[in-house]
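**Student:** Read left to right, the sequence shown gives residues 165 to 508 (my numbering).
We put the CB at the ideal spot given by N, CA and C, even for glycine.
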Amino acid sequence: MNNQAKHLLYFLIGIGTCLIIWLVNLGTGSVNIPISDMVKRPFGGPFPREAWEIILMEYRLPKSITAMLAGIGLSISGLQMQTFFRNPLAGPYVLGISSGAGLGVGILSMAGTALGWQTLGGYGAGWPIILAASFGSILVLLLIGLTAWRVRDSMTLLILGLMFGSIASAILSILAYFSEAEQLKMFTIWSMGSLGDTGWDQVKVLAVAVFVGLFPAILWIKPFDAMLLGENYAKSLGINTTHLKWVMIISTGILTGSITAFCGPIAFIGIAIPHIARMIFKTSDHKILFPAAALIGIMGILLCDSLSQLPGSYQTLPINAVTTLIGAPVVIWLIIDRNFSKEF
């Protein structure tokens, strides 16, 4: 069997597995909905209980679509960054965009006590937090963009992104020190991540943002292959690495910023999934890796969300904690088991 046939087989298996995990995710929660009833529903078969229709259509379906969009966006962001920076541990939050979103939410929820004015934190979750996170992400993205005009070396840009993130974290620490318990709790809950706070209106906005973020990356798939051999090699092939740098910054910024704004921080999906895609498909061709990472990203985050539901229980674990508990050991195993120098 040649590589093309193998890749097609892997994609078919992946799509089938993804469908199964999705159905399990929709049926899992404090109220278990049988998969057989969900399969019959699109063909006109009514649910035995009317409440299942509301639970599925108003809560679980938008949450699962949010998870899919987050899995796609974070995985593609991580793949772009690992290729561009030629760093196996680069991820969508390395440029400090997630920290910028956290800073926006932190100012919204905690700055009232520190600055002596009425905080907006009383609004709780919803559009105020989404707008604050988006504003913080955009601010950091603009700073990175201004820096990119002066910085030509990709590794220097990576370090500057880490510094922007450190500055945002320091400001958050100061705000947390002066904030009241209720305000600090609100920010802490947001920082744990959640896929269940989005309704259909938010899902539509997130879907548009993810599509816009994916568009420039898809147009520049081929140049990413050349970047695996370094910037000088890519330039020798006539690739404008400056344009590619902007494509990576804009795409990653939109994807990471929008997902963080709507879902909060979700760790390790962007770092671990691209490596799993390379390991399974055994290729460096980004025309294969982009859809592979997106598909595996969907499966990974749906699986983590299903585990976070604690089936049969009314308790729900933070999605960020589950992705970290699963993703961190995967990354550790990949580092120990594989020689990344062969790929980067």
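#1: Taking just the CA atoms, how far does G191 sit from P198?
#2: Please check the pair G242 and I413, which I expect to be a contact at CB under 8 Å, by giving their CB distance rounded to whole angstroms.
#3: Give a yes or no on whether the C-beta atoms belonging to I185 and L466 are separated by under 8 Å.
#4: Thinking C-alpha only, which one of Y397, I490, G363 and G329 is nearest G300?
#5: Could you check what DSSP says for L365 in three-state terms: helix, strand or coil?
#6: Just tell me which of D501, Q366, C468 and T416 has its CA closest to the CA of G260.
#7: By alpha-carbon positions, which one of N484, G255, V495 and Y223 ends up nearest to M356?
#8: Is the Cβ-Cβ distance between V367 and W384 less than 8 Å?
#9: Where in the region 433 to 496 do unbroken runs of the alpha helix (DSSP H), each at least 4 residues long, occur, reported from the N-terminal end onward?
#10: Exposed or buried, which one is E395 when buried takes at least 16 other CB atoms within 10 Å?
#11: For the region 219 to 226 against the region 360 to 380, do three or more pairs of beta-carbon atoms, one drawn from each stretch, fall closer than 8 Å, so that the two count as touching?
#12: Among C468, A441 and I302, which one has its Cα closest to the Cα of S263?
#13: Quick check on DSSP: helix, strand or coil for D317?
#14: What is the DSSP secondary structure of T283, reduced to helix, strand or coil?
#15: Given 8 Å as the limit, is there contact between the region 314 to 329 and the region 247 to 260, that is, 3 or more CB pairs closer than that?
#16: Assuming M391 and F248 are in contact, meaning their beta carbons sit under 8 Å apart, how far apart are those beta carbons, in whole angstroms?
#17: Using a Cβ-Cβ distance cut-off of 8 Å, determine whether F248 contacts chain D.
#18: Let's see if you can read the secondary structure: which residues bound the alpha helix (DSSP H) around I184?
#19: Which value, in whole angstroms, describes the spacing of the CA atoms of I236 and R314?
#20: Measuring straight from C-alpha to C-alpha, what distance separates E217 and P210?
#21: With a CB to CB cut of under 8 Å and the five nearest residues on each side skipped, what residues in its chain are close to S337?
#22: Express the C-alpha separation of S273 and L348 in angstroms, rounding to a whole number.
#23: Would you mind reading off the limits of the alpha helix (DSSP H) that contains M202?
#24: Where does M327 land, buried or exposed, given buried means 16+ other C-beta within 10 angstroms?
**Tutor:** In terms of the structure at hand:
#1: As a first step, residue 198 must be located in the sequence shown, where it is residue number 34. As a first step, residue 191 must be located in the sequence shown, where it is residue number 27. One C-alpha to the other measures close to 6 Å.
#2: Residue numbering aside, residue 242 sits at position 78 when the sequence shown is read from its first letter. Residue numbering aside, residue 413 sits at position 249 when the sequence shown is read from its first letter. Actually they are not in contact, since the Cβ atoms of G242 and I413 sit about 14 Å apart, beyond 8 Å.
#3: Your numbering for residue 185 matches position 21 in the sequence shown. Your numbering for residue 466 matches position 302 in the sequence shown. Going by C-beta atoms, I185 is nearer than 8 Å to L466.
#4: Against the sequence shown, residue 300 aligns to sequence position 136. The shortest C-alpha separation from G300 is found at G329.
#5: Within the sequence shown, numbered from 1, the residue matching residue 365 stands at position 201. Here residue 365 is Asp; the residue named in the question, Leu, does not match the sequence. Residue state, collapsed to three classes: helix.
#6: Position 96 of the sequence shown, counted from the first residue, corresponds to residue 260. The shortest C-alpha separation from G260 is found at T416.
#7: Taking the first residue of the sequence shown as 1, we reach residue 356 at position 192. Of the listed residues, the one whose Cα sits closest to M356 is N484.
#8: The residue you call residue 367 lines up with position 203 of the sequence shown. The residue you call residue 384 lines up with position 220 of the sequence shown. The answer is no: Cβ separation not under 8 Å.
#9: 433 to 445 and 450 to 472
#10: Counting from one through the sequence shown, the residue named residue 395 turns up at place 231. So E395 counts as buried.
#11: yes
#12: One-based indexing of the sequence shown puts residue 263 at position 99. It is I302 whose Cα lies nearest to the Cα of S263.
#13: Locating residue 317 in the sequence shown gives position 153, where the first residue counts as 1. Reduced to three states, the DSSP call for D317 is coil.
#14: In the sequence shown, the residue the question calls residue 283 occupies position 119. Low per-residue confidence applies at T283: pLDDT is 45, beneath 50, and the placement is therefore not dependable enough to give any value.
#15: yes
#16: For the purposes of this step, residue 391 is taken as the residue at position 227 of the sequence shown. For the purposes of this step, residue 248 is taken as the residue at position 84 of the sequence shown. Indeed, because the Cβ distance is near 6 Å, the residues count as touching under 8 Å.
#17: Here chain D cannot be found, since the structure has a single protein chain.
#18: To locate residue 184, count along the sequence shown from 1; it is residue 20. It spans N167 to G191 - the alpha helix (DSSP H) in which I184 sits, taken as one unbroken run.
#19: As a working note, residue 236 is residue 72 in the sequence shown. As a working note, residue 314 is residue 150 in the sequence shown. Cα to Cα, I236 sits roughly 31 Å from R314.
#20: The residue you call residue 217 lines up with position 53 of the sequence shown. The residue you call residue 210 lines up with position 46 of the sequence shown. So the alpha carbons of these two residues sit roughly 9 Å apart.
#21: Numbered from 1 along the sequence shown, position 173 holds the residue referred to as residue 337. Result list for S337: empty, nothing under 8 Å.
#22: Taking the first residue of the sequence shown as position 1, residue 348 is located at position 184. Taking the first residue of the sequence shown as position 1, residue 273 is located at position 109. Going from the Cα of L348 to the Cα of S273 covers about 7 Å.
#23: Here residue 202 refers to the residue found at position 38 when the sequence shown is read from its first residue. It spans I199 to K204 - the alpha helix (DSSP H) in which M202 sits, taken as one unbroken run.
#24: In the sequence shown, the residue the question calls residue 327 occupies position 163. By the neighbour-count rule (16 or more Cβ atoms within 10 Å), M327 is not buried but exposed.
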